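Step one of this worksheet: look at the structure below.
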Amino acid sequence: MILALSAALIDPASSQTEEFESLEFGFSAEYPRELDINLLPQDVTSGVEDPVVEFSASGVMTILVGASEKRGLSLERFSSRAESGYQESSENFEVMKSAAGDLNGVRSLEKEYLLEDESTSIIMRDVFLNGEDLIYHISCRAEQSAFRRANLLYFDSFIGSFRLLTIDEGVTGEWIQTSSPVWSSPALADIDGDGELEIVVGTNEGRLYVFNRDGSKVTGFPKRAEDYIRSSPAVEDLDGDGLLDIVVGSDDGRLYAWNGRGEELSGFPRLTSNSVWSSPAIGDLDGDSGLEVVVGSTDRGIYAFNGDGSPVCGYPLITSNSVWSSPAIGDLDGDGLLDSVIGSSKMGTDILAIFLGLYTGQVYAVDGLGSLLPGYPVDLSSPSLTDLSGSAIGYSSPILADLDGDGSLEIVIGASDGLYALTRVGEDYRGFPRKTTGSLQDSFIAAGDVDGDGEVEIVGGATDGRLYLWRSDGSDHPGFPIQTGGYVKNIALADIDGDGQQEIIGGSLDNRVHAWRLDGTEVDGFPKVTLGNVDTTPAIADLEGDGVLDMVAGSDDGRIYIWEISGAFGDHEWPMVRQNLRHTGTLLLQ
Numbered sequence: 003m004i005l006a007l008s009a010a011l012i013d014p015a016s017s018q019t020e021e022f023e024s025l026e027f028g029f030s031a032e033y034p035r036e037l038d039i040n041l042l043p044q045d046v047t048s049g050v051e052d053p054v055v056e057f058s059a060s061g062v063m064t065i066l067v068g069a070s071e072k073r074g075l076s077l078e079r080f081s082s083r084a085e086s087g088y089q090e091s092s093e094n095f096e097v098m099k100s101a102a103g104d105l106n107g108v109r110s111l112e113k114e115y116l117l118e119d120e121s122t123s124i125i126m127r128d129v130f131l132n133g134e135d136l137i138y139h140i141s142c143r144a145e146q147s148a149f150r151r152a153n154l155l156y157f158d159s160f161i162g163s164f165r166l167l168t169i170d171e172g173v174t175g176e177w178i179q180t181s182s183p184v185w186s187s188p189a190l191a192d193i194d195g196d197g198e199l200e201i202v203v204g205t206n207e208g209r210l211y212v213f214n215r216d217g218s219k220v221t222g223f224p225k226r227a228e229d230y231i232r233s234s235p236a237v238e239d240l241d242g243d244g245l246l247d248i249v250v251g252s253d254d255g256r257l258y259a260w261n262g263r264g265e266e267l268s269g270f271p272r273l274t275s276n277s278v279w280s281s282p283a284i285g286d287l288d289g290d291s292g293l294e295v296v297v298g299s300t301d302r303g304i305y306a307f308n309g310d311g312s313p314v315c316g317y318p319l320i321t322s323n324s325v326w327s328s329p330a331i332g333d334l335d336g337d338g339l340l341d342s343v344i345g346s347s348k349m350g351t352d353i354l355a356i357f358l359g360l361y362t363g364q365v366y367a368v369d370g371l372g373s374l375l376p377g378y379p380v381d382l383s384s385p386s387l388t389d390l391s392g393s394a395i396g397y398s399s400p401i402l403a404d405l406d407g408d409g410s411l412e413i414v415i416g417a418s419d420g421l422y423a424l425t426r427v428g429e430d431y432r433g434f435p436r437k438t439t440g441s442l443q444d445s446f447i448a449a450g451d452v453d454g455d456g457e458v459e460i461v462g463g464a465t466d467g468r469l470y471l472w473r474s475d476g477s478d479h480p481g482f483p484i485q486t487g488g489y490v491k492n493i494a495l496a497d498i499d500g501d502g503q504q505e506i507i508g509g510s511l512d513n514r515v516h517a518w519r520l521d522g523t524e525v526d527g528f529p530k531v532t533l534g535n536v537d538t539t540p541a542i543a544d545l546e547g548d549g550v551l552d553m554v555a556g557s558d559d560g561r562i563y564i565w566e567i568s569g570a571f572g573d574h575e576w577p578m579v580r581q582n583l584r585h586t587g588t589l590l591l592q
C-alpha cells in the first residue's frame with residue numbers, strides 16, 4: 003500500500019515554511035548528517051494484512067535506524083513498548099531494513115502487527131532531535147474501519163505527515179520526572195498546609211506522588227499501590243480533622259486514602275473485586291454532614307464508602323457490566339440530597355450484537371441509599387444492521403449542569419456515536435443526542451459559560467480530531483467543530499488571558515497541550531509540545547500565590563510538565579478533571 007504524504011517543512015535558517023502536496027516531489031531543505039530516531043508508540047492496531055507505508059524523498063539525510071539505548075548504542079531493530087496489554091518489549095516493529103544509510107529515494111516502514119484485540123489502533127512516530135532547537139516528526143497512523151466482524155478488522159486509511167516544529171521555552175521548560183507513564187490527571191491542592199499548592203498525581207508504576215512546585219517530594223510521599231494508578235486523585239478533608247486527604251483507585255482493585263503526611267486513613271484501603279480505573283467523587287450523600295466517597299469498579303459495582311471506610315448502606319449497586327466511568331455527584335431529583343450518576347457498558351441484546359460481541363451504554367442515577375432514581379438506568383442506542391457501533395460508553399464520564407436555567411440539573415455524557423443529554427427522569431433532553439463522526443466514549447467532556455452569555459456550553463474532543471462546542475440546546479456554536487490534528491480527549495476551561503471568556507484547554511495524543519479561543523485560534527504561546535502523549539486533563543491554578551497562573555499536565559513520557567502561562571487571568575469554570583478537587587463533575591453557574 004502506497005502512501006503520499008503531505009509535508010510542511012520549516013527551514014531552520016530562515017524560519018520560512020514551504021508547503022508540498024506530496025513528498026513524492028521531494029524537498030531540498032538541508033538537515034544534519036546524523037539524526038537519532040526514537041520510536042514513541044501511542045496505541046496499537048490490528049489487521050488482516052501487514053500495512054506497508056512507502057515514502058520517497060529527494061535530498062540526502064544520513065540517519066541511524068534503530069533506538070538508542072542509554073549507553074548511546076544504536077540498535078538494528080526498534081523495540082516497541084506496548085501500552086495496551088502487550089509485552090513490555092516487543093520485536094513486532096521493524097522500521098527499516100538497513101541499520102543505517104542515506105535517505106535518498108524510496109524507503110518503507112513496515113508494521114507487522116496482527117492482533118486479536120479489535121478495539122485498538124496504532125500511531126507510530128519517529129522523533130528526530132537536532133540539538134535543543136528543533137524537533138522533527140515523521141508519523142503514520144493506521145485507522146480501523148467502522149465495519150467490524152467477529153475477529154476481523156481491515157485497515158480503512160493511512161494518515162501521515164511530516165512536520166518540523168520550533169521548540170519554544172515551554173516545550174523543554176520545566177518538568178518533574180517520574181519513572182513511568184502518567185495517565186492520572188493531576189490535582190493541585192495545599193496538602194501540607196504551607197500555603198502553596200502541591201501537585202498530586204498517580205503513575206503507571208503504582209505510585210501516588212505529591213510534589214512541591216520546585217519538584218521536591220512532600221514528606222511522606224510517594225505512596226505505593228500494588229498496581230497501576232490510572233484513577234485521578236480526589237482531594238478533601240475526609241476524616242474531619244481540618245486537613246486535606248487524598249483518595250484514589252488502583253488497578254489492584256483497591257480504593258486508597260492518605261492524609262497529608264502520607265499515612266493511610268483508618269478503614270482504608272477498601273477492596274473491590276476488580277480494577278478501579280474510575281476516579282472517585284466525594285460528597286455528603288446522606289445529609290449527615292459527613293463525606294462519602296463514590297467510585298466505580300470493573301467488577302460491575304458502584305461503591306460508596308463513609309469517611310471511616312465503612313460501606314454506605316445500600317451499596318454497592320451492581321450494574322450490567324464493567325464500570326470504567328467516573329461518577330458525578332449532584333442533587334438530580336431536587337430532594338436536597340446528593341445523587342450519583344455514572345456510565346456503564348452493556349452487552350447488546352439482539353442476535354447480531356451478541357454474535358459480534360458488541361456493547362451499548364447505560365447511564366445509572368443512584369440516590370444516597372443506593373436506590374435507582376425513577377427512569378434509570380437509561381439504555382443508549384444499541385448496535386443495528388446499519389450501525390454496528392451502537393452507543394458504547396468507555397471511560398467517558400457524565401457531567402451535571404443546568405442546561406436550561408430552571409434550577410434542575412441535566413446529565414451530559416459522551417458515547418461512541420455522539421453526545422447525550424438526559425433529564426432528571428431519564429428522558430432525552432431537547433436537542434439531544436448530537437451525533438459525531440468520531441467517538442466520544444473515552445473523552446472527558448467539560449461544561450461552562452465559554453462565551454460569557456450566561457448560558458452553559460459543552461466541550462468535547464472526538465477520536466477523529468474534531469473539537470466540538472455545543473450550546474445548551476444542542477446546536478453547534480458558530481465556527482465549531484474545528485479540526486485539531488490530534489485527539490484532544492481531556493478538556494479544561496479557564497480564562498487564562500483575562501478577556502472574560504473561557505479558553506478551551508486540552509491535552510492531546512499528538513504530544514501537545516492546546517488552548518483555543520472562542521474563534522478557534524490558539525492562545526499566544528500555544529500549543530505546548532511535550533515528548534509524550536498528554537492523556538490527562540491539564541490542571542490550572544496559581545501554584546505559589548504569586549499572581550502568575552500555572553498549568554500542570556502529565557504525559558506518557560513519565561514527566562509532569564509545569565508552565566507559567568499568564569499574569570493576567572480571570573475565573574475558571576472547569577480548571578481540572580471533573581471540575582473541582584472533590585471530582586463532583588457538576589457545574590453550578592453563579
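Letter 279 of the sequence shown, counting from 1, is numbered 281 in the working numbering, and no numbers are missing.
The beta carbon of each residue, even a glycine, is placed where N, CA and C say it ideally should be.
Keep in mind the model is a prediction, meaning the values are calculated, not measured.
Do you know how far the Cα of residue j is from the Cα of residue i?
i: leucine 210; j: serine 181; result: 12 Å
i: glutamate 2; j: aspartate 408; result: Residue 2 lies beyond the stretch modelled for the chain, which goes from 3 to 592, so this question has no answer here.
i: leucine 551; j: leucine 471; result: 25 Å
i: valine 278; j: aspartate 229; result: 10 Å
i: aspartate 467; j: isoleucine 498; result: As written in the sequence, residue 467 is glycine, which differs from the aspartate given in the question. Going by the C-alpha atoms only, they are around 23 Å apart.
i: valine 212; j: glutamate 429; result: 42 Å
i: aspartate 341; j: glycine 370; result: 6 Å
i: phenylalanine 601; j: aspartate 239; result: The structure shown has nothing for residue 601, since the chain only spans 3 to 592.
i: proline 235; j: valine 250; result: 5 Å
i: valine 325; j: proline 376; result: 21 Å
i: isoleucine 542; j: proline 435; result: 30 Å
i: valine 536; j: serine 187; result: 10 Å
i: glutamine 581; j: alanine 494; result: 8 Å
i: serine 378; j: serine 280; result: Checking the sequence shown, residue 378 turns out to be tyrosine, not serine. In a straight line, the C-alpha of tyrosine 378 is about 20 Å away from that of serine 280.
i: serine 233; j: threonine 538; result: 11 Å
i: proline 529; j: valine 515; result: 5 Å
i: glycine 456; j: leucine 591; result: 8 Å
i: proline 319; j: glycine 502; result: According to the sequence provided, residue 319 is leucine. The question's proline does not apply to it. Roughly 42 Å separates the two Cα atoms.
i: glycine 549; j: glycine 500; result: 12 Å
Check the DSSP bridge columns for residue i and list the partner residues they point to.
i: histidine 516; result: Gly508
i: arginine 561; result: Gln179
i: aspartate 573; result: Paired residues: none, contrary to the question.
i: aspartate 247; result: Glu238, Asn261
i: aspartate 341; result: Gly332
i: alanine 403; result: Glu412, Leu589
State the CB to CB distance for the pair residue i and residue j, rounded to an integer number of angstroms; the pair is presumed to be in contact (CB under 8 Å).
i: glycine 298; j: serine 328; result: 7 Å
i: proline 313; j: valine 295; result: So it is not a contact: roughly 11 Å between Cβ atoms.
i: serine 398; j: glycine 345; result: 6 Å
i: leucine 334; j: valine 380; result: At roughly 12 Å, the Cβ-Cβ gap does not stay under 8 Å, so leucine 334 and valine 380 are not in contact.
i: glycine 556; j: valine 220; result: So it is not a contact: roughly 17 Å between Cβ atoms.
i: aspartate 301; j: threonine 274; result: 5 Å
i: threonine 532; j: aspartate 573; result: The Cβ separation is near 27 Å, so there is no contact.
i: asparagine 492; j: valine 368; result: Contact flag wrong, Cβ pair sits at about 26 Å.
i: glycine 372; j: glycine 316; result: 3 Å
i: glutamate 200; j: glycine 547; result: The pair is not a contact, with the Cβ atoms about 13 Å apart (cut-off 8 Å).
i: leucine 245; j: glycine 195; result: 7 Å
Are the CB atoms of residue i and residue j nearer to each other than 8 Å?
i: leucine 402; j: glycine 587; result: yes
i: leucine 421; j: leucine 339; result: no
i: isoleucine 193; j: glycine 262; result: yes
i: glutamate 505; j: histidine 479; result: no
i: arginine 426; j: serine 410; result: yes
i: leucine 583; j: alanine 191; result: yes
i: valine 184; j: isoleucine 562; result: yes
i: arginine 226; j: glycine 208; result: yes
i: threonine 465; j: glycine 487; result: no
i: aspartate 453; j: glutamate 575; result: no
i: leucine 405; j: serine 474; result: yes
i: alanine 417; j: leucine 374; result: no
i: glycine 462; j: serine 445; result: yes
Using a threshold of 7 Å, is the CB atom of residue i nearer than that to any non-hydrogen atom of the ligand GDP?
i: glycine 527; result: Ligands in the displayed structure: none, and consequently the ligand GDP is not present.
Start and end of the beta strand (DSSP E) containing residue i?
i: arginine 256; result: 256-261
i: lysine 491; result: 490-496
i: aspartate 552; result: 551-556
i: glutamate 200; result: 200-204
i: leucine 210; result: 209-213
i: tyrosine 470; result: 468-473
i: isoleucine 284; result: 283-285
Quick one: is residue i near chain C, going by C-beta distance under 8 Å?
i: leucine 382; result: This model lacks chain C altogether, as it is built from one protein chain only.
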